[in-house]
Amino acid sequence: MKIYLCGSVGSGKSTIARKLASQTGWPAWSLDDITWVRGSVAQKRPEAERIARVNEICQRQNFIIEGAQLGWIGKTTIFERADLCILLEPSIKKVRWQIDSRFVKQLLHLEHANYQPTWQGLKDMHRWQRQYNQNDRQKVRLLIARAAKTPTICVNFAEVQQAVLRFSEKGGQEHVDKRI
């Protein structure tokens with residue numbers, strides 16, 4: 001099965017992708033990891049390289065890709081190739097709590113961070129969350145519609161699991177174990 005998970009910062013994309021990959025055995029990728037070369041100073045990969053990498057992943061039989069890099073992801077084949085385009089839309093209150101909670105856990109070194117957590121970074125995440133809700137949510141819906149797909153709206157992992165099972169039961173290409 002081919003799954004694209006999108007949502008604002010703090011919506012649970014990475015956590016849900018990891019859990020789903022663990023339960024199904026399907027490989028998962030983060031658009032953040034495709035976008036950035038991690039190091040003491042993160043460097044952005046060239047757009048052509050990012051697009052080529054996503055298109056290469058989209059040729060696989062099964063994949064989970066999560067992220068919301070809407071500035072360039074529409075130039076890939078992900079919307080055409082994905083069986084399910086899942087939009088994570090938990091309540092704004094929950095997203096804000098998750099952003100703040102992650103920040104504190106990273107400051108205390110209880111959770112891995114790909115970057116140095118800073119107060120400015122926390123402010124940026126809240127700004128990106130607002131931007132997603134005000135503009136980007138509609139952009140991703142348009143990209144999905146342009147590919148003649150219907151977005152599947154979910155608020156948590158249990159709903160994502162149910163969406164995957166429903167797709168499988170309706171004749172999706174990949175059998176999904178009922179235990180997920």
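Just so we're aligned, residue 1 is where the sequence shown starts under the UniProt record's numbering, counting upward by one. Where is the CB? At the ideal position from N, CA and C, for every residue including glycine. Since the model is a prediction, treat every value here as computed from it, not as a measurement.
Sub-9 angstroms separation of residue i and residue j beta-carbons
| i | j | result |
| --- | --- | --- |
| A147 | C58 | no |
| I65 | S11 | no |
| A68 | K13 | yes |
| Q129 | V95 | yes |
| Y132 | I78 | no |
| T24 | N55 | no |
| R60 | K2 | yes |
Where the beta strand (DSSP E) through residue i begins and ends
| i | result |
| --- | --- |
| K2 | K2 to G7 |
| T152 | T152 to C154 |
| S30 | A28 to S30 |
Residue environment, residue i, which counts as buried when at least 16 other CB atoms sit within 10 Å
| i | result |
| --- | --- |
| T35 | buried |
| G39 | exposed |
| I16 | buried |
| I92 | exposed |
| Q116 | exposed |
| Q98 | buried |
| K75 | exposed |
Alpha carbon of residue i to alpha carbon of residue j, nearest angstrom
| i | j | result |
| --- | --- | --- |
| I180 | N114 | With a pLDDT of 46 at I180, under the threshold of 50, the modelled position of that residue is not reliable, and no figure is offered here. |
| Q106 | P90 | 22 angstroms |
| residue 226 | G171 | For the chain, the structure presents residues 1 to 180; residue 226 sits outside this window and is missing. |
| N135 | S8 | 11 angstroms |
| L165 | R50 | 30 angstroms |
| E80 | K149 | 8 angstroms |
| V160 | E169 | 14 angstroms |
| W26 | V37 | 23 angstroms |
| D124 | T118 | 10 angstroms |
| A163 | I153 | 9 angstroms |
| L122 | A42 | 18 angstroms |
| V140 | L88 | 12 angstroms |
| R137 | K44 | 24 angstroms |
| V176 | A28 | Residue placement at V176 is flagged as unreliable, the pLDDT there being 47, under the threshold of 50; the coordinate-derived value follows with that caveat. V176 and A28: Cα-Cα distance of roughly 16 angstroms. |
| Q120 | S101 | 15 angstroms |
| G71 | L142 | 13 angstroms |
| L110 | F167 | 36 angstroms |
| residue 190 | I73 | Past the boundaries of the shown model lies residue 190; the chain is included only from 1 to 180, so the question cannot be answered. |
Residue span of the alpha helix (DSSP H) that contains residue i, given as start and end
| i | result |
| --- | --- |
| D22 | It should be noted that the sequence gives Ser, not Asp, for residue 22. Its alpha helix (DSSP H) spans residues K13 to T24. |
request  = Could I get the ranges of all uninterrupted beta strand (DSSP E) runs contained in the stretch 34 to 102, with 3 residues as the minimum, in chain order?
outcome  = 63 to 66 and 84 to 88
key: Segments assigned alpha helix (DSSP H), at least 4 residues, entirely inside the stretch 95 to 149   = 119 to 131 and 137 to 146
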